[in-house]
Structure formats: C-alpha cells, structure tokens
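Worksheet for the structure shown next.
In my numbering, the protein residues as written are 152 to 384.
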C-alpha cells in the first residue's frame, strides 16, 4: 500500500463497518413500523452507503489491474450513494408528485453520470496508446491523456454538485415535512459533501487531499443518517 493509501483505506473501512450497522438499524426500525415504503427506501439507501464505503476501501487497499478496475467502481458508487441518500426523502418524506419527480431526476442523473464515466475510459485507452507512440518516436509527454482525464473529472464533479443540490427545488415541501431541524441536518450533509468534493477534485495536486475528502464524506454520511433516523422514519 503506497503513501497515503493506508489512511484512505482505514477511514473508509471504518465507514463501511458503521454503514453496515446503520443500515441494519434503519431496516429493522422500518420493519417494526410496518411501512413497506420505509423498508424499501432505507434498504436502497443502506445498500448504496455500504457499497460506497466497501468499494472505496477495496480500491485504496489494492494495487495493479484490480485497482484500475475498482477506481471506476469507486467513482460509480458516488453517484449511487447520492441517489440512494435521496430515496428515503423522496419515497417517505415527500412521496406524491414531488417525491417521485425528484426520485426520477436524481436516479436519472446517477445513470447519466455513470455512463459518462464509462465513455472517457474507452477514449483514455486510445489516448494512452497514442501517447506511448509519441513518447517512443517523438519524446513528447502524454498531454492528451492528462487533458482527457481532467475534462472527465470536471464533468463528474459538476454532476455530483447538481445531484447534491437539486433538492432545493423542493425546499418548501421538505421544510414543511421535515421541520427546520430535519432540514438543517439534510443541508449540513450536503455542505459536508460539497466542501469535500473540492478536495476530491484536487487530490492529484494537494497533499492528503483525498484523505480529507474521505473525512468530509464520513461527516456528510453521518448528517444524512441522523436526518433519516430521526426525521424520516
């Protein structure tokens, strides 16, 4: 495990354990309540939460070809967690036209985000081949590959932010259903994630940026878990 990855792996291993325990708690409480919409929504939320932390832990723990594959899976799980975090608020808190509309929008954006992540991967392999040829014959650096990766990251970050804050279109019904305290926890989670995304975008330029991003993800997850546990169920 190379420099910095031990911290990245350990932080999200702890997150995975907490996510698994939290998901079980939410499902049990929902089942005791007898509301199938609650059971369904927290099951989706819990699954995406565990998936993100597990994928991240594995990605930061491995090397070689497995790490390359898990890198994409790690990024895909971010879209799934954002959509999964919306699900209890959409299917339980809002339900009706507002809930279903928001549910379709965020899951649609999640699918779009995952698909756009797959396209640059194909282009990057072609660019890498061209770059190797350039290095062998012309001695030029792989500027095209770096540019493609940079543009893909910018688009991914933009989709993360749009997904995270599209809930503002439903701010009035959310405030009405959750109350100020519940909405404050929801917004706090969004702020933690958004600030963390800044470090995620800078992880190749700023030392320890990815580890800081992990801490903000844990904080955001905790805030949303509290909102769901106390104000949705």
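In this text, a Cβ means the ideal position worked out from N, Cα and C, and glycines have one as well. Remember, predicted model here, so these are calculated numbers, not experimental data.
Nearest candidate by alpha-carbon position, reference residue i, set the options
| i | options | result |
| --- | --- | --- |
| residue 163 | 383, 248, 363 | 363 |
| residue 181 | 209, 230, 189 | 189 |
| residue 256 | 268, 231, 270 | 231 |
| residue 377 | 169, 184, 156 | 169 |
| residue 324 | 266, 246, 192 | 246 |
| residue 312 | 349, 251, 214 | 349 |
| residue 157 | 372, 373, 361, 374 | 361 |
| residue 270 | 327, 357, 227, 332 | 227 |
| residue 321 | 379, 237, 367 | 237 |
Assigned secondary structure, residue i (DSSP; H/G/I helix, E/B strand, else coil)
| i | result |
| --- | --- |
| residue 379 | helix |
| residue 361 | helix |
| residue 185 | coil |
| residue 354 | coil |
| residue 306 | helix |
| residue 384 | coil |
7 Å Cβ cutoff met for residue i and residue j
| i | j | result |
| --- | --- | --- |
| residue 369 | residue 173 | no |
| residue 204 | residue 221 | no |
| residue 314 | residue 260 | yes |
| residue 306 | residue 382 | no |
| residue 193 | residue 179 | no |
Extent of the continuous alpha helix (DSSP H) run through residue i
| i | result |
| --- | --- |
| residue 238 | 215-239 |
Interface flag, residue i vs chain E, CB-CB below 7 Å
| i | result |
| --- | --- |
| residue 252 | Of the protein chains in this structure there is only one, and it is not chain E. |
Would the segment 337-348 count as touching the segment 194-202 if we require 3 or more Cβ pairs under 8 Å?
no
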